[in-house]
Ligand SMILES: NC(=O)c1ccc[n+]([C@@H]2O[C@H](COP(=O)([O-])OP(=O)(O)OC[C@H]3O[C@@H](n4cnc5c(N)ncnc54)[C@H](O)[C@@H]3O)[C@@H](O)[C@H]2O)c1
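In the working numbering, the protein residues as written are 512 to 825.
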């Protein structure tokens, strides 16, 4: 039997690491953070202070406190006595392999090393560990992890079932919604889904069918609103009426296959990137970055409050 996870080390306190740190503190855990960038500790504490009101709104754990954060620029000091390390370093395979080799040498066998990596497979990272590769797992969050519940869990060939189960229990104990991948694929699941949609968005913009702003509106005021409630298969199940998805497919198999073959496969050339950036600038209507973040977070908190009601969450 392993003891519950009470102390988490965060390695890399950039966009994702800082948000994870806020989430772990709000759940009443001790957090020990590490980053090598100058000014990283100040930026981390500022991020957590700014995120805290939203976390209070979501509900803090009984013992939650920002005072339970410590920071060290030294990796060994930061990970000492951690029960789990959440790694959020740069998305570069050679960097991660070197870091995992080092962490593996430093940490006791029962300490889980979870990577936030958006696209790298654990198999390609953990083979650098000579002692205990079985405790390495992907725990991939969505930005910002202190608000978005999804965590994708997937191990490499060397990851133990025990690690997957302990990581799943841990993230669930924080109120996260976990999904488990049955096999490794680059980009995991949710990023592949995002990429599939974005590919068609880019294709439609490149073909002059729609502006960047209207493509965004088509998603966020249309299917995106529904996707925040139920997944695409369940929604098509409703689209089939009382006959459900079976009836839906009877009716739409032909049109769906035809539409799939009409979808685009654009390539992000410099010209196309410039076109998208220009469209995004127009869509901003001069709103500053901080305003967009607070608009996103305010609406997300409202949606989460609704989704957390028992009748929706299975
Ligand atoms: N940004 C996203 O939307 C997002 C979402 C989910 C997962 N991820 C994943 O999270 C990880 C981090 O991404 P990010 O967007 O936070 O990147 P980021 O560049 O904001 O943060 C990376 C941090 O790692 C630090 N770092 C670099 N070398 C280090 C070292 N040797 N030791 C400790 N810290 C070091 C950097 O100083 C920086 O603060 C990546 O694996 C990425 O795929 C990112």
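Ideal Cβ placement from N, Cα and C applies to all residues, glycine included.
{"Asked": "Considering only C-alpha positions, which residue in the set 622, 673 and 656 is nearest to residue 516?", "Found": "622"}
{"Asked": "By how many angstroms is the C-alpha of residue 612 removed from the C-alpha of residue 544?", "Found": "19 Å"}
{"Asked": "If we ignore side chains and look at the alpha-carbon of each, how far apart do residue 521 and residue 736 end up?", "Found": "33 Å"}
{"Asked": "Which of the three DSSP states, helix, strand or coil, is assigned to residue 663?", "Found": "strand"}
{"Asked": "Buried or exposed, going by whether 16 or more other CB atoms sit within 10 Å of the CB of residue 759?", "Found": "buried"}
{"Asked": "Quick check on this structure: which residue in 596, 795 and 532 has the alpha carbon closest to the alpha carbon of residue 619?", "Found": "596"}
{"Asked": "In angstroms, rounded to a whole number, what distance separates the CA positions of residue 552 and residue 757?", "Found": "54 Å"}
{"Asked": "Please tell me whether, using a cut-off of 7 Å, the distance from the CB of residue 587 to the nearest non-hydrogen atom of ligand 1 is below it.", "Found": "no"}
{"Asked": "Which residue comes first and which comes last in the alpha helix (DSSP H) that contains residue 784?", "Found": "781 to 795"}
{"Asked": "In whole angstroms, what is the alpha-carbon distance linking residue 782 and residue 608?", "Found": "35 Å"}
{"Asked": "What ranges does the alpha helix (DSSP H) occupy inside the segment 594 to 629, keeping only unbroken runs of at least 4 residues that lie completely in it?", "Found": "604 to 617"}
{"Asked": "Mind checking which residues open and close the alpha helix (DSSP H) that includes residue 668?", "Found": "Note, residue 668: premise wrong, no alpha helix (DSSP H); not H, not E."}
{"Asked": "Short of 7 Å in beta carbon distance, which residues of its chain neighbour residue 600, apart from the five on each side in sequence? Order them along the chain.", "Found": "522, 523, 606, 607 and 610"}
{"Asked": "Which residue from 776, 526, 661 and 536 puts its Cα closest to that of residue 573?", "Found": "536"}
{"Asked": "Short of 6 Å in beta carbon distance, which residues of its chain neighbour residue 688, apart from the five on each side in sequence? Order them along the chain.", "Found": "660 and 661"}
{"Asked": "Buried or exposed for residue 633, please, with buried defined as at least 16 other CB atoms from any protein chain shown within 10 angstroms of its CB.", "Found": "buried"}
{"Asked": "How is the alpha helix (DSSP H) around residue 747 delimited, first residue to last?", "Found": "743 to 750"}
{"Asked": "Where does the unbroken alpha helix (DSSP H) through residue 564 begin, and where does it stop?", "Found": "551 to 569"}
{"Asked": "Helix, strand or coil, according to DSSP, for residue 818 in the structure here?", "Found": "helix"}
{"Asked": "Could you check what DSSP says for residue 734 in three-state terms: helix, strand or coil?", "Found": "helix"}
{"Asked": "Check residue 653 in the structure and name its three-state DSSP category.", "Found": "coil"}
{"Asked": "Closest to residue 538 by CA distance: which of 561, 528 and 577 is it?", "Found": "577"}
{"Asked": "Using DSSP's beta-bridge definition, name the partner residues of residue 691.", "Found": "664"}
{"Asked": "For residue 663, which option in 672, 682 and 646 has the closest C-alpha, if you only look at C-alpha atoms?", "Found": "682"}
{"Asked": "So, does the segment 645 to 655 touch the segment 665 to 684, judging by three or more C-beta pairs under 8 Å?", "Found": "yes"}
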